[in-house]
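Chains as they are written, first to last, in the working numbering: chain A, 322 to 658; chain B, 322 to 658.
Every residue gets a Cβ at the ideal spot worked out from N, C-alpha and C, and that includes glycine.
Notes follow once the structure below has been shown.
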């Protein structure tokens with residue numbers, strides 16, 4: 322009996338081992354388990370990660386005073402308590418304006434692994450991305466001056482910038498958004514999938530392993546690959562046209578390429594697709610097969626893939642909700658108009 | 322020299338000692354330093370505070386899915402990272418609606434010490450208060466059904482209610498708002514003023530002690546008293562009419578009585594007055610003297626009072642930003658309209 326068990330276990334390990342290889346061959350890359358390796362992967366070589374900068378970036382991320390209204394922070398649409406997004410079809414912002422292209426807020430979690438930022442990939446990295454929504458009329462609607470005047474009017478913020486960057490720091494708009502971007506780089510959520518890929522063969526259940534195999538066999542990893550399990554740019558409507566293409570006028574970048582969403586924490590980021598018109602993960606999986614792979618994914622396969630995707634739900638680092646330094650008489654007044 | 326110093330110190334202690342008595346005589350009450358005494362003061366006898374209930378209440382407090390839009394949580398207007406409010410003149414809510422009476426969001430910190438809730442005192446306690454903004458059209462705009470359907474559609478929430486209240490718990494709207502109210506009861510911020518009143522004579526600087534004396538002598542403690550340093554109901558426009566009375570149509574309760582705001586953390590809760598039309602604390606102090614006490618508070622007195630009020634900036638408990646359980650296919654969809 323004991324021998325049989327041992328044999329069975331070895332066989333299971335062998336299968337798991339070959340599945341890891343298969344996943345690697347398909348381009349799937351785990352988040353490194355080594356902290357040093359992970360840091361290398363997420364760090365900004367021009368502005369290295371330090372505790373001081375990240376803690377300051379967290380405050381700025383949660384501070385609604387960076388918006389014109391004083392009511393909307395980065396976290397309003399990229400809520401770290403939800404899936405790193407807002408759960409809405411299309412983002413809403415200043416004066417309750419719905420995103421004019423009906424674009425869905427992407428998750429900020431693991432966005433450091435995206436090759437490019439925004440649905441049309443127009444931004445090369447998070448530091449650049451962070452400048453966008455703060456200034457966009459339908460989002461936070463602030464001017465650069467509003468942001469720099471706000472931060473520079475609050476002595477506690479000025480001190481934190483000095484602690485983070487040295488006493489001669491010039492607190493420019495770019496310095497502020499760089500700091501937010503740096504905080505966002507740290508929002509990485511290792512999952513059971515990563516543990517499995519990094520050698521813990523028991524980290525995935527048999528059904529999740531089967532799901533991973535289906536995911537690869539059906540062809541999902543053609544686009545959803547890399548550490549982000551997504552994050553590159555790819556053509557859209559490859560074999561058929563997306564059934565809700567009429568909602569919003571989004572067509573991708575100049576070449577029609579669209580940023581592939583990360584599938585990490587995808588069970589928490591409904592609704593799906595660039596315009597948020599697909600409510601459930603099952604429907605999203607089937608529609609993806611139809612329009613991108615020319616494959617009719619049946620219910621059983623969809624369920625199997627969904628089971629694997631659950632293994633991409635990651636472990637979020639604990640976040641101390643930041644107590645923000647108080648405004649002063651010099652702080653620009655919020656303006657709801 | 323040593324003897325002179327000792328004498329001087331004794332004199333200072335004596336003065337401080339008599340100031341504590343003077344403050345007590347004026348009706349000022351510290352937050353108890355004993356945890357057991359504090360718990361007695363803030364607990365709900367009909368629904369005792371437990372860690373399970375408070376942690377659950379914190380999640381609900383931060384959960385925007387309790388609003389019709391899915392975009393607004395209790396924390397949106399009563400931001401625990403700011404002064405427990407939103408820094409706006411008048412609250413803004415669903416569809417960017419400004420409070421129709423141009424009423425300013427009061428701080429949630431130390432609101433447990435208010436005799437009554439809301440500016441017109443129409444609510445007897447936090448559990449009752451919590452039912453209001455969730456359902457108010459210009460705030461979170463949700464129906465009771467939206468709230469109960471949302472929570473009951475999320476198994477992790479259902480489990481947390483069972484852990485908090487027992488397996489047979491009925492997760493009604495009232496049970497949900499009671500749990501939010503219970504969390505809010507714990508948002509108490511002891512300050513240097515409390516340390517001073519509780520026996521630490523060095524907790525207040527000489528200037529802060531002078532400010533406390535001015536505060537009492539001018540008559541501020543006539544209304545701003547009790548543990549909340551405010552929180553009771555009082556007549557408004559007693560000696561003169563508030564200079565911005567024309568903004569909004571707020572007239573207090575049926576008898577013209579208005580809820581006195583807490584002065585705890587008041588340096589963080591600008592702008593001031595029920596309609597938020599006074600930008601600075603100094604102006605607020607002088608206007609209060611004019612309209613409530615018939616006293617011309619000069620610049621020096623105002624500065625002295627402000628120095629004391631800074632000693633009411635409290636110590637906020639650390640808050641782990643709650644990771645909210647994910648929605649399911651059964652969770653009601655957000656509706657921005």
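Asked	Found
Chain A contacts made by the segment 404-429 of chain B, where a contact means CB separation under 9 angstroms	404, 407, 408, 409, 410, 411, 413, 415, 416, 417, 418, 419
Pairwise C-alpha distance: residue 470/B and residue 561/A	37 angstroms
Near-chain B residues of the segment 392-403 of chain A - C-beta to any C-beta below 8 angstroms	392, 397, 400, 401, 402, 403
Contact set between the segment 621-647 of chain B and chain A, restricted to residues whose Cβ is under 7 angstroms from the partner	637, 639, 640, 641, 642, 643, 644, 645, 647
Beta-carbon spacing of residue 545/B, residue 581/B below 8 angstroms	yes
Nearest neighbour of residue 504/B, chosen from 416/B, 381/B, 393/B [CA to CA]	381/B
Cross-chain neighbours of residue 589/A in chain B, by beta carbon under 7 angstroms	647
Secondary structure of residue 480/A, DSSP reduced to three states	helix
8 angstroms Cβ cutoff, residue 657/B in contact with chain A	yes
Rounded separation between residue 473/A and residue 485/A - CA only	15 angstroms
Whole-number beta carbon distance between residue 644/A and residue 637/B, since they are thought to touch under 8 angstroms	6 angstroms
Chain-ordered chain B contacts of residue 650/A [CB-CB under 9 angstroms]	591, 600, 601, 602, 603
Contained alpha helix (DSSP H) runs [length at least 4] in the segment 400-475 of chain A, N- to C-terminal order	447-450, 452-456, 465-473
Cβ-based burial, residue 369/A [other Cβ within 10 Å; buried from 16]	exposed
Contained beta strand (DSSP E) runs [length at least 3] in the segment 556-584 of chain A, N- to C-terminal order	578-580
Neighbour-count burial assignment, residue 431/A, 16 or more Cβ in a 10 Å radius	buried
Residue 549/A (DSSP reduced to helix, strand or coil)	coil
Touching by the beta-carbon criterion (3+ pairs, under 8 angstroms), the segment 610-629 of chain B and the segment 442-459 of chain B	no
Nearest-angstrom Cα separation, counted from residue 534/B out to residue 372/A	43 angstroms
Nearest-angstrom Cα separation, counted from residue 626/A out to residue 656/A	47 angstroms
Touching by the beta-carbon criterion (3+ pairs, under 8 angstroms), the segment 405-422 of chain A and the segment 556-576 of chain A	yes
Three or more C-beta pairs below 8 angstroms linking the segment 340-359 of chain B and the segment 504-521 of chain B	yes
Short CB-CB distance (under 8 angstroms) between residue 296/A and chain B	Because chain A is modelled from 322 through 658, residue 296/A falls outside the range shown and cannot be assessed.
Members of the segment 494-518 of chain A that neighbour chain B once the beta carbon cut-off is set at 7 angstroms	none
Contact belief for residue 549/B with residue 396/B at Cβ below 8 angstroms, rounded distance in angstroms	About 21 angstroms separates the two Cβ atoms, so there is no contact after all.
C-beta contact flag for residue 399/B and residue 429/B at 8 angstroms	yes
Option in 390/A, 547/A, 464/A with minimal Cα separation from residue 345/A	547/A
is_contact[residue 383/B, chain A] using C-beta, thresh 8 angstroms	yes
Residue 536/B, enclosing alpha helix (DSSP H) - first and last residue	527-539
Alpha helix (DSSP H) runs wholly inside the segment 350-384 of chain B, at least 4 long, in chain order	356-363, 372-383
DSSP three-state assignment for residue 512/B, whether helix, strand or coil	strand
Selection from 388/A, 613/A, 646/A that minimises the alpha carbon distance to residue 458/A	388/A
Proximity below 8 angstroms, CB of residue 595/B to CB of residue 440/B	yes
Helix, strand or coil at residue 599/B according to DSSP, with G and I counted as helix	strand
Top-ranked residue by Cα proximity to residue 654/A, from 584/B, 600/B, 367/B, 492/B	600/B
Per-residue burial, residue 500/B [other beta carbons within 10 Å of its own, 16 or more giving buried]	buried
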